[in-house]
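Take a look at the structure set out below.
Number of protein chains: 2
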Amino acid sequence: MDEKAEFPKSRAEVVSLLKEYDITPTHQRIKIGHVIFSQPQHMSAEQVLAAVNQSDEVSKATVYNTLGLFAKQGLVREVIVDPSKVFYDSNLSKHHHLYYSDTGELEDIASEHVKISKLPELPSDIQIEDVDVIIRVHRN
Amino acid sequence: MDEKAEFPKSRAEVVSLLKEYDITPTHQRIKIGHVIFSQPQHMSAEQVLAAVNQSDEVSKATVYNTLGLFAKQGLVREVIVDPSKVFYDSNLSKHHHLYYSDTGELEDIASEHVKISKLPELPSDIQIEDVDVIIRVHRN
DNA sequence: CTATTAATTAGACGAAGTCTATTTACGTAT
DNA sequence: ATACGTAAATAGACTTCGTCTAATTAATAG
Chain R
1 MDEKAEFPKS RAEVVSLLKE YDITPTHQRI KIGHVIFSQP QHMSAEQVLA AVNQSDEVSK
61 ATVYNTLGLF AKQGLVREVI VDPSKVFYDS NLSKHHHLYY SDTGELEDIA SEHVKISKLP
121 ELPSDIQIED VDVIIRVHRN
Chain A
1001 MDEKAEFPKS RAEVVSLLKE YDITPTHQRI KIGHVIFSQP QHMSAEQVLA AVNQSDEVSK
1061 ATVYNTLGLF AKQGLVREVI VDPSKVFYDS NLSKHHHLYY SDTGELEDIA SEHVKISKLP
1121 ELPSDIQIED VDVIIRVHRN
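Chains R and A supply the protein sequences, listed in that same order.
In terms of the numbering used here, the first sequence opens at residue 1 and continues consecutively.
In terms of the numbering used here, the second sequence opens at residue 1001 and continues consecutively.
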């Protein structure tokens, strides 16, 4: 989680990234990985589907399954800020988000710019998955 | 926004709460207000629709319009934590959220239990609407 | 090669929310 | 009160995002 991953350009780099996260590298997964890991970015499943299908075809179900799997394995992060769709964030480093509610834009905020100095105590049978900080803004 | 509102039980109390927030108190809005302000709680639009329609009928469109209006006027807060639906939070005091990703439960965290000691500097033409802190957890 | 399991697929389906065109209620002036 | 103009509510079609199912294809182990 605190590992600084490279942004792989080549097919081989994507393959080894998948393997690192215990994901069997199939043709479709490599393709999807190649799209989202080409740079740190936020994409919705629909955007991934559209991007991937510019060349050959990957089914809708596979795109959704694959992004869900990537998220489960910690390879991407689901960002829930827009009520109408989930964003998948390929930036693996710890960070927070700035959301422009007027335009739907989503930006990263490096974690050193936000400091949470106090969190509530939780019962011991509860595991924290994530602490999301979302700064919702709009332009004047 | 920092006003500690009562949780109105009577129709008259709901009416004056609506007026305070510049909302024309119609029959349907009062009904919806009565449901969500009976106690501090999180409800989805569908839940509000179901609750309201146990007695007489309010249309789906009106429930969605009304909750949207309430949110716009600052009378309720939209909580976006579950990718499948928006929650409307009738707790008007400043607070954060604890979300159980396994069950979908949503709990309030009083703002004194979370301290954000640093926020990024933002361009002057940008207005902060809200800083949401969501602690995503699951049980063992 | 064969069996077993994992992954992919098309397309039907579902849920949440939006939109449109019409009707109803409401406020104000007469 | 009545008439007029605007705001609100309505039914139901529609859209979008996402899930599910049942069948096919690919991968892997023996």
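Here a beta-carbon is modelled for each residue, glycine too, at the ideal position from N, C-alpha and C.
Classify residue i as helix, strand or coil using the three-state DSSP reduction.
| i | result |
| --- | --- |
| K1009 of chain A | coil |
| S1016 of chain A | helix |
Taking the DSSP output, what are the residues bridged to residue i?
| i | result |
| --- | --- |
| V1133 of chain A | R:V133 |
| K1085 of chain A | A:D1082 |
| H34 of chain R | Answer by DSSP bridge pairing: none, since H34 of chain R is not bridged. |
| Q1138 of chain A | Gln is not the amino acid found at residue 1138 of chain A; the sequence shown has His there. R:Q127. |
| R1077 of chain A | A:D1089 |
Using a C-beta to C-beta distance shorter than 9 Å, which residues of chain A count as neighbours of residue i?
| i | result |
| --- | --- |
| A127 of chain R | What sits at residue 127 of chain R in the sequence shown is Gln, not Ala. Residues of chain A passing the Cβ test: V1137, H1138, R1139 and N1140. |
| L106 of chain R | None at all; the shortest Cβ gap to chain A is about 12 Å. |
| P120 of chain R | H1096, L1098, I1109, A1110, H1113, V1114 and I1135 |
At 8 Å on the CB atoms, spell out the chain R contacts of residue i, in chain order.
| i | result |
| --- | --- |
| V1086 of chain A | P83 |
| S1101 of chain A | E129 |
| P1040 of chain A | Chain R residues near P1040 of chain A: none, gap ~17 Å exceeds 8 Å. |
When the Cα of residue i is compared with those of the options, which residue comes out closest?
| i | options | result |
| --- | --- | --- |
| D1102 of chain A | A:V1137, A:P1083 and A:V1052 | A:V1137 |
| V1052 of chain A | A:I1030, A:Q1127 and A:Q1041 | A:I1030 |
| S1044 of chain A | A:K1009, A:V1081 and A:E1013 | A:V1081 |
| K1115 of chain A | A:V1063, A:Q1047, A:T1026 and A:H1095 | A:H1095 |
| S124 of chain R | A:L1049, A:S1111, A:N1140 and A:S1124 | A:N1140 |
| S1090 of chain A | A:E1020, A:G1033 and A:E1013 | A:G1033 |
| S117 of chain R | A:D1056, A:V1133 and A:D1108 | A:V1133 |
| P1008 of chain A | A:D1022, A:Y1088 and A:V1035 | A:V1035 |
| T26 of chain R | R:F37, R:R11, R:Q39 and R:P40 | R:R11 |
| F37 of chain R | R:L119, R:K85 and R:L67 | R:L67 |
| N1065 of chain A | A:Q1041, A:D1056, A:S1111 and A:Q1028 | A:Q1028 |
| G104 of chain R | R:E112, R:V86, R:Q54 and R:S111 | R:V86 |
| Y1021 of chain A | A:V1076, A:P1120 and A:S1093 | A:V1076 |
| H1142 of chain A | A:L1098, A:S1084 and A:V1058 | Examination of residue 1142 of chain A is not possible in this model, given that chain A is present from 1001 through 1140 alone. |
| L1119 of chain A | R:A71, R:A110, R:P120 and R:I126 | R:A110 |
| A61 of chain R | R:S55, R:E46 and R:G74 | R:E46 |
| I1126 of chain A | R:I135, R:E129 and R:V131 | R:I135 |
For residue i, return the contacting residues in chain R, with the cut-off set at a CB-CB distance below 7 Å.
| i | result |
| --- | --- |
| K1060 of chain A | Simply none; closest approach about 16 Å. |
| L1092 of chain A | Within 7 Å Cβ-Cβ: nothing; L1092 of chain A doesn't reach chain R, min ~17 Å. |
| S1117 of chain A | K115 and S117 |
Note down, in chain order, every chain A residue with its Cβ under 7 Å from the Cβ of residue i.
| i | result |
| --- | --- |
| E76 of chain R | Here residue 76 of chain R is Val; the residue named in the question, Glu, does not match the sequence. Correct list: empty, because the minimum Cβ distance to chain A is about 14 Å. |
| I134 of chain R | D1132 |
| I80 of chain R | I1080, V1081 and P1083 |
| S44 of chain R | The contacting residues do not exist; S44 of chain R stays about 11 Å from chain A at best. |
Does the distance between the C-beta of residue i and the nearest non-hydrogen atom of the ligand NAP fall short of 8 Å?
| i | result |
| --- | --- |
| K1072 of chain A | Annotation note on the ligand NAP: not contained in the displayed structure, which lists no ligands. |
Could you give the uninterrupted runs of the beta strand (DSSP E) lying entirely in the stretch 1087–1127 of chain A, keeping only those of 3 residues or more?
Whole beta strand (DSSP E) segments, 3+ residues: 1095–1100, 1106–1110 and 1115–1118.
Curious, which full-length beta strand (DSSP E) runs of at least 3 residues does the stretch 1040–1069 of chain A contain?
If we require 3 residues or more, the beta strand (DSSP E) runs fully inside the stretch 1040–1069 of chain A come out as 1042–1044.
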